[in-house]
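Visitor: In the numbering used here, the protein residues as written are 43 to 296.
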Ligand SMILES: [Mg+2]
Ligand SMILES: [Zn+2]
C-alpha cells in the first residue's frame, strides 16, 4: 500500500548550508532536523533525501568520500532525533571536470530523475507527500500531483516563493505545518458521510442538513493530482544514507 513520504533537500535544509562541505566537520545538522525526521517517522512518513552533489563533478570529492560524509550525516541526525530512510544524489554538473560526471543529466534538480527513481523504489502516495527544501529547485516546480511544497529559510536566500505552499523558518515549522495540514485532511476524511439516498419513509427526519458537510479529499495546501514526469538522461545515484551537496548554493533555482 502506498505510503506518504517527505522528500527533503540536504544542504540548507537538513544540514547547515556550507559551501561544498567535503569534510565531516562541515556536516552540521540544522537545529531541530533530527527531531523533525523522528516526528515524520512516527507519523508514518517515508523520509527521502534528494540532493544535488556537483562537488563530485567538480572534482572536490569522490563518491566514496561522499558516501562516508553521508554516513556521518545520518549518524549525526540520528543522535539528535532521527534520520532518513533513503538518500539519492546527483553527482553531475555540465561544467564539471571529473571524467564521467561533467554532463547535463536528468537527475540534477529541478529535473526529476532522482525523484523518479525514488518513486520507483518506494511505494509512495505522492498526493499525500510533500517536498521540503531551501531552494525552488528542491520543490520540483514541473512535477504535478504532490501534496505540498515547503520552503525553509535556513539555507539560501529565498527569491521567488510563489511555487511554495508554505515558507517556514526552519524544518521544524515546516513539519509542524505539514503534519497539521495532514491531520486536518484526515479529520475531514473521517467525517461521517452524508446519508445515502433512502426512501422517504426510512429517512430520519433530521438527517438531511448534514449533506454537504465535508469531503474526503484533500484541500490541503497543495498541488493537483497529476503524476510526475520523468526526465531524460543522467542517472541518479542512490545511497543508503544521505549525502552532502554544498555546491548548489549559488545557483538560482532554475
Ligand atoms: Mg539546499
Ligand atoms: Zn545528475
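Every residue, glycine too, gets a C-beta built ideally from N, C-alpha and C.
Specify which residues have a beta carbon nearer than 5 Å to any heavy atom of ligand 1, listing them in chain order.
Guide: With the cut-off at 5 Å, the residues found are 51, 53, 54, 176, 197.
Visitor: Is any heavy atom of ligand 2 found at a distance shorter than 7 Å from the C-beta of residue 155?
Guide: Checking the Cβ of residue 155 against ligand 2 gives yes.
Visitor: Quick one: grab the DSSP three-state call for residue 229.
Guide: DSSP places residue 229 in helix when its eight states are reduced to three.
Visitor: Determine which residues share a DSSP beta bridge with residue 71 and list them.
Guide: BP columns for residue 71 point to 57.
Visitor: Can you give me the start and stop residues for the alpha helix (DSSP H) that residue 157 sits inside?
Guide: Residues 155-163.
Visitor: When we look at the beta-carbon of residue 141 and count the other beta-carbons within 10 Å, is it buried (16 or more) or exposed?
Guide: The residue is exposed, with fewer than 16 neighbouring Cβ atoms inside 10 Å.
Visitor: Under the rule that 16 or more other beta-carbon atoms within 10 Å means buried, what is residue 95, buried or exposed?
Guide: Residue 95 comes out buried.
Visitor: If we ignore side chains and look at the alpha-carbon of each, how far apart do residue 79 and residue 58 end up?
Guide: Their Cα atoms are separated by approximately 15 Å.
Visitor: Mark residue 237 as exposed unless 16 or more other C-beta atoms lie within 10 angstroms of its C-beta, in which case mark it buried.
Guide: Under this definition residue 237 is an exposed residue.
Visitor: Suppose you measure from the CA of residue 55 to the CA of residue 281; what does that come to, to the nearest Å?
Guide: If I take the Cα positions, the gap works out to 18 Å.
Visitor: What's the C-alpha gap between residue 274 and residue 165?
Guide: Caution applies to residue 274, whose pLDDT of 43 falls short of 50 and renders its modelled position unreliable; the value that the coordinates give is listed next. Rounded to whole angstroms, residue 274 to residue 165 spans 22 Å at the Cα level.
Visitor: Taking 7 Å as the cut-off, is the C-beta of residue 278 nearer than that to any heavy atom in ligand 2?
Guide: Correct: residue 278 has its Cβ closer than 7 Å to ligand 2.
Visitor: Quick check: residue 66 and residue 111, are their CB atoms within less than 8 Å of each other?
Guide: Taking 8 Å as the Cβ cut-off, residue 66 and residue 111 qualify as a contacting pair.
Visitor: Roughly how far, in whole angstroms, is the beta-carbon of residue 51 from the beta-carbon of residue 174, given that I think they are within contact range, below 8 Å?
Guide: Indeed, because the Cβ distance is near 7 Å, the residues count as touching under 8 Å.
Visitor: For residue 177 and residue 231, I'd like the C-alpha separation in whole angstroms.
Guide: If you take the alpha carbons of residue 177 and residue 231, they lie about 32 Å apart.
Visitor: I need the straight-line Cα distance from residue 109 to residue 88, nearest angstrom please.
Guide: Going by the C-alpha atoms only, they are around 21 Å apart.
Visitor: Taking just the CA atoms, how far does residue 171 sit from residue 181?
Guide: Roughly 12 Å between the two C-alpha positions.
Visitor: For residue 205 versus residue 143, is the C-beta spacing smaller than 8 Å?
Guide: In this structure, residue 143 does not lie closer than 8 Å to residue 205 by Cβ.
Visitor: Can residue 279 and residue 126 be called in contact, C-beta distance under 8 Å?
Guide: Taking 8 Å as the Cβ cut-off, residue 279 and residue 126 do not qualify as a contacting pair.
Visitor: According to the neighbour-count rule (16 or more other Cβ atoms, all chains shown, within 10 Å of its Cβ), is residue 228 buried or exposed?
Guide: When all chains shown are included, residue 228 counts as exposed.
Visitor: Since residue 82 and residue 48 are thought to touch, with beta carbons under 8 Å apart, how far apart are those beta carbons, to the nearest angstrom?
Guide: 5 Å between Cβ atoms; contact.
Visitor: Pull up the distance between the alpha-carbon of residue 103 and that of residue 188, whole angstroms please.
Guide: Cα to Cα, residue 103 sits roughly 33 Å from residue 188.
Visitor: So, residue 100 versus residue 153, is the Cβ gap smaller than 8 Å?
Guide: Their beta carbons are not under 8 Å apart, which means residue 100 does not touch residue 153 by this criterion.
Visitor: What distance in whole Å lies between the Cβ atoms of residue 213 and residue 74, which are believed to be in contact at a cut-off of 8 Å?
Guide: Right, the Cβ-Cβ distance comes to about 6 Å (below 8 Å), so this counts as a contact.
Visitor: Give me the Cα-Cα distance between residue 195 and residue 115, rounded to the nearest whole angstrom.
Guide: In a straight line, the C-alpha of residue 195 is about 20 Å away from that of residue 115.
Visitor: For the alpha helix (DSSP H) containing residue 121, name the first residue and the last one.
Guide: 105-121 is the extent of the alpha helix (DSSP H) around residue 121.
Visitor: Taking residue 134 as the reference, give the member of 124, 147, 128 with the closest Cα.
Guide: For the residues 124, 147, 128, the minimum Cα distance to residue 134 belongs to 147.
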